[in-house]
Each structure stands twice: as structure tokens, then as C-alpha cells.
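In what follows, a structure is listed as C-alpha cells, so that the remarks can point back to it.
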Amino acid sequence: MADYQSIQSLHKSTPAFSPTIPTFLLPYLAFLLLAATFALAFYFSTLPKEKIPARELAVASTASLLGGFGVVALFCSVGVYV
Amino acid sequence: MPRHWRAPLSLLLSAFLPLCTLAANSFENTAIVRTVELGGALVHVTTTYAVKALEDGSSVYTIALGEREHAHTAWLEAKLKGQTERLPLEDFGYHRDSGFYLYTIELPKALNVNQTSNLVIETVQTHATYPWPEEAAQKDPQSLKYHSELLVLSPYKTAVQRTKIRSPSPQVHSYTTPEDVEFTTDAVVTKAGATITYGPFYDIPPSAIQDFVDKKQKEIVIHYAFDYPVLEITELRRTAEISHWGANLNIQDNINLHNAGPRLKGHFSRLEHQSQAYFGKAAPHVLPSLQLHLPAGIHDVYYYDLVGNVSTSHLRTTPSTPKGTEANRFSFLELRPRYPLLGGWNYSFTLGWDSSLSDYAGFDSKTGKYVVGVPIMTVIPSVVVDDAEVAIILPEGATDVDYYAPYPALSESISTHITYLDTIGRPKVTLKYQQLTDKHGGVIYVTYKVPFTAHLRKPVAVATAFIGFFALAFAVKRVDIRLRRK
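This is the structure:
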């Protein structure tokens, strides 16, 4: 268990936190990802019924994944830092 | 009091040892000067001890605080005169035989016989003053009373000592002139402007003994005018939330503000208040606005109370300073509550802001740990915080959480906090403090690790929700709801 002074100097010396995705990109990313999600959801609604719904599954999972990241980026852009 | 040192295990033993063995090395006080800076909620007391060693190798000096003084003391610090480094201080707790609280100070260099040193002990007392008269009309001035002991007590012999009490304004209504004081032949008390000097007192024997206190100690009371509102924060709840996705640190303070001045006599007259503001003759116990120094580099500041958003505030921000640098630039916020705070009145509000996480957190790639430093509170000069709780909310999935507080907290806990888009919840470190003063502007450091998969938890949770909708659509498409089969 390190002591307070050593943690204080560690805090001062370590490089500053930088996010994986730069914050200024988040609003644009949110827009692009959610637009893609919307488009894919629309496409999903036009797909015919098939015995093995491979295409439907593929479109649904891609749209969900893009939507997941899009919603998180959207929350951060509007000020709800999740 | 929140201390910046730890009480030793020998605390338990000390209660049973006689005082003479505790004052381990023999010293003699050649001079003691105590300076009391009177204030409102806070009183700063600086005591300078000129000590002479009577034994070789003396390095541990003991000071004694009486019960009342100890109850009010919220900050205690020992230094050598002229130096900035704090000396190690140990709390030996309550000594039942003498009725005193003992603290030992370790001198940096042991003193040999007849070597001298100058120690400066700084303390801050909270709730040591009270308004007198207890009620005042809106136009009336404000006066406070402060009680103290005449003599500075010490386990060692004292050659000469004096106490100087400085009032913030030269208007001192009354001060005690003690009678039958043995240790001086001159006038016991003299007043020069705003400073009242008690002493000098000569040849005082070791005085940190109950017998001495009963027979020789006298009480002094100063009644003085005070021209600023006496403010107390009865409750402070600070929440610091860390977001890695947004690279943001949100700090939110829920503050209950109390004006500890004289209670308002009669009713509040808005007309009187406006005319005071117009003619510039503000009553000293009325608080129309509060100036706060917030950190640099903040944005999206919000200030609301129970009724809603409070728009009567002015904010001037300054650009952010790099992580870990000394705070020398502040954002200035002038808060104007919905109503002026008169004596005895309370006001609760919420103040919060967002700031870039890179100004507060760092990443140590060697250990894979993040280190974040969260200030305990926004220091408001001359204001005491009775009850403070600081909660630091870490990102979801944080592990190996360790925290380092500048002063030991009254209670510490780690719990789970659930907020937007959470599945397993976030670790929350909660530290509780009492009687914080303007000297307690420290930083709490927290170290934690967040695996990469934990970062992906939120998008995957939202993706799962989307998949749910798609699955529903998938099922609905395959349900035949026609009334007649074709």
C-alpha cells in the first residue's frame, strides 16, 4: 500500500488520460452510426421471410452493434457522460 | 478533527501512564507567544514555543490541549519557525490523570542540553464564537463572543508567555480583565487598536495538570464586532463521476448553507434590504451573494435549488491547467441565492460542473492503472463545513480500487452506484468528514484498473436492447394475424 506522497507524485508524473476515441469526434460518430442503424433497420424491414434467416440475423446484429456505439456516442455528445 | 497524521497504537497505553513519563524528553519553554486571529466561523490560533532542551538527544516535544480547546480544534499543524515543512505529529489522545489531550511533535534534529529551537503550532478552531446579542434586527450590527483560557498550558516549565488576541475590526465592545493573576506584577491586559495582549506572565510551572487548571487558570471572554456574515455549510455532499467514454469528470456539490449570525429579530423587509443595497450600507450579518473559486477549465456549470434553476449567477471561466499543477488559476462564480441569507436562515442548493478528465486523471502504462485526483471540496475562506461526504464514482467494471485521502476520513466505504446505461453498476468510493475548514483543501487520489472489455460493456448492453427489438420484429413478421385464411 503506497503512501499519499508517492501517489501524489505518481499522479503528477503519469501522462494525462486520453480517450480511445477523441471527444470532438463523438457527435459526428453518433450521427453516422445512428444514421447507419436507421438505414439498416429500414432494410431489415424490407427483407423477405426465409427458412434460414441468415440475412435477417446479419442485418439485425450489425444494426444493433452500430446502434449500441451510436447511442453511447450520442449520450456523451449531449452532455450525459456515461 | 480530520487529521493529517495517524494516531499510534500506543494510544491505548498512554491513557495509563503518568504525565511525567509521557513528556519523554525534558524541555523548558523560554517563551510562548499565542496569537489568536478572531474571525467568524473560524478562529486561527498560532502558538510559537521557544524551547530549550534540558537533556541531550531531546527530539520529542509534547503539547497539551484542554478539553474545550480540543473540542473546537479542527486543524493542527506543527512547523519549525521560518520553514514550510510540517513536522510529524502524533496524537496520544486523552490523558485521564491530567484531563488534557496530548500531542507529540518530532523535531527534525535532536537537541542537546541548552540548545534551542522555535516551534510554531497552528490550529484552526471551529464553532468557537457565537453571536452576542443572539438576535438582531435587519439594520443592527453584528457582534460575536469568543471564550478562551488566559494561560497557555504546557507539560514543561515556562519562563515567559503572552497571548495576543487580534480582532478583525478595532471595535471591541469588551474584554475580560482577570483578577488575582499570580504570574505578573504589571498590568495583566493591554489594548492597542485591534490587538489585546494578555501578559507577559513569568515563571509558570508545568501547567498541564488538572490541579493547576482548577487553581490558577482563568477564563477570558472577548466581545467584538464582526463585519462579515458568519457562514457554515451544515451539509456538503460532493459527487465526482468519472466517464472514460466522454473523457469527463463531473463534480456536483449539494450544499446546505447556514448563516450562523444573530437570528433575525422581527420580519424581513425587502424595502429595507433594497435601500441598504442602494446606499451601500449593507448590514454585516446579511449575505446577498457568495463568491466561489471553482477549478480552471470547467464548462457546463449548473446551479439549481429545490425550486429550479437559479439564473442569478455570474461565471468567469479560465482555461484549464495541466494535471497535477498547483491551482493558481480559478474560475470565478458569483452566486446570488434566491433570497439574501439573514441570521439563522438556511439555503440549500446544488452546484455542478463538467471538466476534462485529462486535467485530473493519468494512466500509468507500467501497472495499467488509472490515477485520478479529486479535490475534497471547494474551499470558501472563513467557512466551516460541519458534515461532508465525498463520493467518487468510477467507470463501470473498474477493478483494483485503492484510495488515498489527505486526512483520515471518519468512515470510508466502497459501494455500487447505478446510473445511465449501466448493467453491473459502478464502484463508488465514499469518504465522510466533519469540521472541515479552509485549510482542508486537499485532494483524494484513487487508483483503479479498467479492462478493455469493461469499456465495451455499455455499447454491448445497448446493442442487446436493439437486438431485442429486432427479435420482436422478426417474431411479429412470422405471426399470421389475418382473420380468414386465403
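Chains A and B, in that order, give the protein sequences. Letter by letter, the first sequence follows residues -4 to 77 of the numbering used here. Letter by letter, the second sequence follows residues 2 to 487 of the numbering used here. Backbone N, C-alpha and C fix where the C-beta goes; we use that ideal spot for every residue, glycine too.
What does residue i touch in chain A if you count any residue whose Cβ is under 7 angstroms from its own?
i	result
P460(B)	G63, F64 and V67
R239(B)	Near R239(B) there are no residues of chain A at all, since even the closest Cβ is about 17 angstroms away, more than 7 angstroms.
P296(B)	Those do not exist, as P296(B) stays about 15 angstroms from chain A at its closest Cβ, beyond 7 angstroms.
P407(B)	Y(-1)
N249(B)	Y76
Y446(B)	I2, Q3 and H6
Along chain E, in chain order, which residues have C-beta atoms closer than 9 angstroms to that of residue i?
i	result
A53(A)	Among the chains of the structure shown, chain E does not appear; the protein chains present are A and B.
If I'm right that residue i touches residue j with Cβ under 8 angstroms, what's the distance once you round it to whole angstroms?
i	j	result
S290(B)	G40(B)	Between G40(B) and S290(B) the Cβ distance is about 20 angstroms, and since that is not below 8 angstroms, they are no contact.
S118(B)	I33(B)	So it is not a contact: roughly 13 angstroms between Cβ atoms.
F101(B)	A72(B)	The Cβ separation is near 12 angstroms, so there is no contact.
K158(B)	N30(B)	7 angstroms
V287(B)	P341(B)	5 angstroms
L353(B)	I252(B)	Leu is not the amino acid found at residue 353(B); the sequence shown has Gly there. Confirmed, about 6 angstroms.
Given this structure, state the Cα-to-Cα distance separating residue i from residue j, to the nearest angstrom.
i	j	result
I415(B)	L81(B)	38 angstroms
Y76(A)	K44(A)	40 angstroms
A58(A)	A389(B)	46 angstroms
G67(B)	S357(B)	47 angstroms
A248(B)	F12(A)	8 angstroms
L137(A)	A241(B)	Any property of residue 137(A) remains undetermined from this structure, which presents chain A solely from -4 to 77.
A362(B)	V373(B)	4 angstroms
Q139(B)	D228(B)	14 angstroms
V463(B)	Y23(A)	19 angstroms
V311(B)	T15(A)	36 angstroms
E183(B)	I106(B)	30 angstroms
K46(A)	K459(B)	33 angstroms
Y434(B)	P323(B)	28 angstroms
Q126(B)	T400(B)	40 angstroms
T417(B)	L432(B)	14 angstroms
E335(B)	S208(B)	48 angstroms
R264(B)	L343(B)	7 angstroms
D355(B)	L28(A)	25 angstroms
T448(B)	V375(B)	11 angstroms
T351(B)	P17(A)	30 angstroms
G94(B)	A68(A)	54 angstroms
Y348(B)	I468(B)	48 angstroms
A472(B)	F26(A)	24 angstroms
H148(B)	D57(B)	39 angstroms
At what residues does the alpha helix (DSSP H) containing residue i begin and finish?
i	result
V469(B)	The sequence given here places Gly at residue 469(B); Val does not occur at that position. Element bounds for G469(B): R458 to K478.
D215(B)	Q211 to K217
V287(B)	First-last for V287(B): undefined, no H or E at that position.
S168(B)	No alpha helix (DSSP H) holds S168(B); DSSP gives it neither H nor E.
V67(A)	A49 to V73
T32(A)	L21 to T41
R483(B)	That residue, R483(B), is in no alpha helix (DSSP H); it is neither H nor E in DSSP.
K7(A)	Y(-1) to S8
What span of residues does the beta strand (DSSP E) with residue i cover, start to end?
i	result
Y408(B)	Unbroken run through Y408(B): none, as it is neither H nor E.
Y303(B)	I299 to Y305
R317(B)	S314 to R317
H294(B)	L291 to P296
F280(B)	Looking at the DSSP string, F280(B) is not in any beta strand (DSSP E); the run it does join, the alpha helix (DSSP H), is R271 to F280.
H268(B)	From DSSP, H268(B) is part of no beta strand (DSSP E); its letter is neither H nor E.
P68(B)	As written in the sequence, residue 68(B) is Glu, which differs from the Pro given in the question. No beta strand (DSSP E) contains E68(B), which is instead part of the alpha helix (DSSP H) from E68 to H73.
S149(B)	S144 to E150
Assign residue i to one of two classes, buried (16 or more other C-beta atoms within 10 Å of its C-beta) or exposed (fewer than that).
i	result
Q0(A)	exposed
D254(B)	buried
T164(B)	buried
N260(B)	buried
G200(B)	buried
T9(A)	buried
D360(B)	buried
H174(B)	exposed
I419(B)	exposed
H315(B)	exposed
Y421(B)	exposed
I221(B)	buried
S99(B)	buried
Q3(A)	buried
D439(B)	buried
Can you list the residues of chain A that residue i reaches, using a CB-CB cut of under 8 angstroms?
i	result
Y371(B)	F12
I468(B)	A55, S56 and S59
K478(B)	K44
S244(B)	C71, Y76 and V77
D355(B)	G74 and Y76
What in chain B is Cβ-close to residue i, meaning under 7 angstroms?
i	result
V75(A)	Y421
T18(A)	G247 and A248
L5(A)	D365 and V372
I47(A)	Here the premise fails: no neighbours, minimum Cβ distance about 13 angstroms.
In chain B, what lies closer than 9 angstroms to residue i by C-beta?
i	result
F39(A)	F471, A474 and F475
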